[in-house]
Amino acid sequence: MRINILGGILLLVLAGYLASPWIAPYVYRWQYGVAPEPPLPGKNEVKGVDVVPRPDGQWTLRFEYFYTGAPEAVSVEISHWADRVDGSEVSRQITLPGGAAAQRGAHQHEWVLPFTKETGLVSRRVTVALRDLSTQAEVASASVDRDVLWPTAEAAQAYAILNGKTPEAAVNLAGAYVDKGDEASLKLARRVLLAVVNGTPQVESAYVELSRVTMKQNWTQEGLRDAESLLRSALQLRSDSVDARVVLAYVRGWQNREAEAEALFTELAAIQPPVANLWLWVNWGELRERQGRADEALEKYRQALAVKPTGDRMDQARESAYDRAIRLLERRSEADAAEALHRQHIADYPQFWCHPADYARFLALWRGDTAEAQRQLDAAAQCDPEYRRAVGALVTYIAWSQAEAAPGTELLLKARALAPVSPRLMADLAISDRGVAVVRKLVANAGEKIDRTDGQQMNALAYALASGEIAATERLLKAGARTDALVGQQPVPVALIPVMARQFDAIRLLRKAGVDYGRLRLDGVSVLEHVRRSGDQDLLRALEGGGGKSAGNRI
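At position 177 of the sequence shown the residue is numbered 197 (the numbering used here), and the sequence of numbers has no breaks.
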């Protein structure tokens, strides 16, 4: 028994040794009685070390080595000294695929360097060495001095997307990620597009999509300038690029260069046959809407919707046209026209699960038809659960406001379970007369406060103003919302929100409701004085009671 135990321990020890490359040859000879081979003639040597960039942003390591077979246990080691983003240095070792044990004779290696978890890691020197594992002595080595920006593990997904695709196909796929618009998709799109530009810099569409990423990630005048620079690069490569000019017109509009935007839109609209990029009409309509020319905005949106579903990325433009047109019609209380578009939207895209939920929201808020709204919501069973829950809450609150006393109590309990009353909920309800009636009833009969704030220190009026919902703002004011409430994590008067957003229509509405911007102060200085110092004459005139053109909201 004792012998068996010791034998088991010995096997475990040997198993541990076998996991170490330097001991493996000795254990092999001991176990099988094999004599070591004599060394090959020549000397151990490493040469031809080089690191070469690949078109996809990765790097290929090339080197040769000759190993005589002595010393008996030798490994191939690849190491590099690298600089981190913070300026510190780090030494790293890389293991070759298939293991590090050197093989007798002459060998050539060409290997794509692995990804790293660190962003911005730059190697200055890469070294390949043969090392005696029994003594840790270096047997032979060679280095190359090369600045290598190591590809990150995050970039692996981008390179996988590029694999086997033409640059144009990769750009089109990246554009679909841009259309999604969330931060993770935008980061992935940027990595793919930069890899395309790095390998094929003459593809103009890559610069167009990069301009869109830039705007979405940095919606400031600086971001717009960066986007314009990228679009100029695209137009240098292809001066007649329709896509570049469509986005450039959009940028011009947001840079307050509306005459230039108008000229570009008009020029593009005159092209025959008509351009396939439906964003021409959506972006033009958005500009018209910001200019307060609602009828013309609707006309542009309908131009995009006149084209049948395309089955490609242009359907995203049609989706935007539907959303903008429906919202504009609802703001104008044109319920019949809005409902017709809701129905057309569902018919055009029956595979999009959330459109019936959008229609359910409309039916509840604008028609008061909560039974049909619930049927439409049931048809959207595969829509995002959180959105369905939010719409279900609106439907139930509307049903409660229309119910008799006894069933109404149960409906209110159900509505509060779906979504407790909050400032954002009250702002959502206020987009229609039926909805604001719910707000009034909640305040009158259910103990709610119209000026209550949430964890962001925002109230219903603040949310309505921040989203540019002028009609909802007016309904909340008529329902008793105060204009002197302080809102925000750094409290400011709620009446300042449209000043910061240059929402002249909202400023006029608040002035009509009794706000005197001459008496409103910020950091001890009157708001009018702040605006005078800024030099914004249009805003100053609006605050003092003159005209002014609303800057609108980016959507």
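From the three backbone atoms N, C-alpha and C, an ideal C-beta is built for every residue, glycine too.
Can you tell me the Cα-Cα spacing of proline 443 and leucine 431, whole angstroms?
Approximately 20 Å, taken between the alpha carbons.
So, using beta-carbon positions, are arginine 245 and valine 198 closer together than 9 Å?
Arginine 245 is not a Cβ neighbour of valine 198, given a cutoff of 9 Å.
Just the C-alpha distance for tryptophan 50 and proline 58, rounded to the nearest angstrom, thanks.
Per-residue confidence for tryptophan 50 stands at a pLDDT of 47, beneath the threshold of 50, marking its modelled position as unreliable; no derived number is given.
In chain order, what residues of the same chain lie with their CB nearer than 8 Å to the CB of valine 216, ignoring the 5 residues before and after it?
Leu182, Pro187, Ala190, Val191, Ala194, Val223, Ala226.
State the DSSP-derived secondary structure class of aspartate 404, mapped to helix, strand or coil.
Aspartate 404 falls in the coil class under three-state DSSP.
9 Å is my cut-off, CB to CB: does alanine 358 come that close to chain D?
Considering every chain present, this structure includes no chain D. It has just one protein chain.
Distance, Cα to Cα, alanine 384 vs leucine 349?
Rounded to the nearest angstrom, the two C-alpha atoms are 16 Å apart.
Would you check whether the ligand ATP has a heavy atom nearer than 8 Å to the C-beta of leucine 361?
The ligand ATP is not part of the structure shown, which contains no ligands of any sort.
Comparing alpha-carbon positions, which option in Ala367, Ala505, Phe372, Trp420 lies nearest alanine 391?
The shortest C-alpha separation from alanine 391 is found at Trp420.
Tyrosine 537 by DSSP, collapsed to three states: which one?
Tyrosine 537 falls in the coil class under three-state DSSP.
For proline 187, the three-state DSSP class (helix, strand or coil)
Proline 187: helix per DSSP, three-state reduction.
Nearest-angstrom Cβ-Cβ length linking valine 507 and alanine 482, presumed shorter than 8 Å:
With 8 Å as the limit, valine 507 and alanine 482 qualify as a contact, their Cβ atoms being about 4 Å apart.
Taking C-beta to C-beta, are leucine 438 and alanine 413 nearer than 9 Å?
For the pair leucine 438 and alanine 413, the CB atoms are nearer than the 9 Å cut-off.
Which residues mark the beginning and the end of the beta strand (DSSP E) in which phenylalanine 524 is found?
Careful: phenylalanine 524 lies outside any beta strand (DSSP E), inside the alpha helix (DSSP H) at 524 to 532.
Hey, tryptophan 301 and tyrosine 270 are a contact pair by Cβ (cut 8 Å); roughly how many whole angstroms apart?
Contact between tryptophan 301 and tyrosine 270 does not hold, since their C-beta atoms are separated by about 12 Å, which reaches or exceeds 8 Å.
Check this for me: beta carbons of alanine 447 and leucine 516, under 9 Å apart or not?
No, these two residues do not count as a Cβ contact at 9 Å.
Under a Cβ-count criterion, where at least 16 other Cβ atoms within 10 Å of its own Cβ denotes burial, should valine 547 be classed as buried or exposed?
Its Cβ being crowded by 16 or more others within 10 Å, valine 547 is buried.
Would you mind stating whether histidine 362 and tyrosine 369 have Cβ atoms separated by less than 9 Å?
The beta carbons of histidine 362 and tyrosine 369 sit no closer together than 9 Å.
Would you tell me roughly how many angstroms separate the C-alpha atoms of tyrosine 52 and histidine 100, rounded to the nearest one?
With a pLDDT of 47 at tyrosine 52, under the threshold of 50, the modelled position of that residue is not reliable, and the figure given next carries that caveat. C-alpha separation (whole angstroms): 39 Å.
CB-CB under 7 Å to valine 66, same chain, minus the five flanking residues each way: which ones, in chain order?
Excluding five sequence positions before and after valine 66, the CB atoms of its chain that fall closer than 7 Å to its own CB belong to Phe83, Tyr85, Val148, Ala149, Leu150, Ala160, Ser161, Ala162, given in chain order.
Does DSSP classify glutamate 489 as helix, strand or coil?
In the structure shown, glutamate 489 adopts coil according to DSSP, grouped into three states.
So what does phenylalanine 83 bridge to, in DSSP terms?
The partner list for phenylalanine 83 (beta bridge, DSSP) reads His129.
Coarse secondary structure for leucine 208, derived from DSSP in three states
When DSSP states are grouped into helix, strand and coil, leucine 208 belongs to the helix group.
Taking DSSP as the reference, what is the three-state secondary structure of serine 442?
In the structure shown, serine 442 sits in coil (DSSP, three-state: anything other than H, G, I, E or B).
Would you decide whether histidine 127 is buried or exposed? Buried here means 16 or more other CB atoms lie within 10 Å of its CB.
Looking at its Cβ environment, which holds fewer than 16 other Cβ atoms inside 10 Å, histidine 127 is exposed.
Between the Cα of valine 72 and the Cα atoms of Pro61, Asp165, Arg124, which residue gives the shortest distance?
If we check each option's Cα against that of valine 72, Asp165 comes out closest.
Can you tell which of Asn297, Thr80, Val96 has the C-alpha that lies nearest to the C-alpha of aspartate 70?
Out of Asn297, Thr80, Val96, Thr80 has the C-alpha closest to the C-alpha of aspartate 70.
Ignoring anything shorter than 4 residues, give me the alpha helix (DSSP H) runs that lie fully in the region 248 to 306, in order along the chain.
Counting only runs of 4 or more, we get 262 to 274, 278 to 289.
Please specify which runs of the alpha helix (DSSP H), each continuous and at least 4 residues long, are wholly inside the region 341 to 375, giving them in chain order.
Runs of the alpha helix (DSSP H) inside the region 341 to 375: 355 to 368.
In the DSSP assignment, what residue or residues form a beta bridge with histidine 100?
Histidine 100 pairs with Arg112, Val146.
Within 10 Å of its beta-carbon, does glutamine 396 have 16 or more other beta-carbons around it, so buried, or fewer, so exposed?
By the 10 Å Cβ count, glutamine 396 comes out buried.
According to DSSP, residues forming a beta bridge with lysine 67
Bridge partners of lysine 67 according to DSSP: Glu84.
Between arginine 531 and glycine 565, which are expected to be in contact by the criterion C-beta below 8 Å, what is the C-beta distance as a whole number of angstroms?
The C-beta distance from arginine 531 to glycine 565 rounds to 7 Å, short enough to fall under 8 Å.
Using a Cβ-Cβ cutoff of less than 7 Å, which residues in the same chain neighbour threonine 416 once the five nearest sequence positions on both sides are dropped?
Leu431, Lys434, Ala435, Leu438, listed in sequence order.
Look at the alpha carbon of asparagine 238 and the alpha carbon of isoleucine 98, and state the distance between them as a whole number of angstroms.
Asparagine 238 and isoleucine 98 have their C-alpha atoms spaced approximately 40 Å apart.
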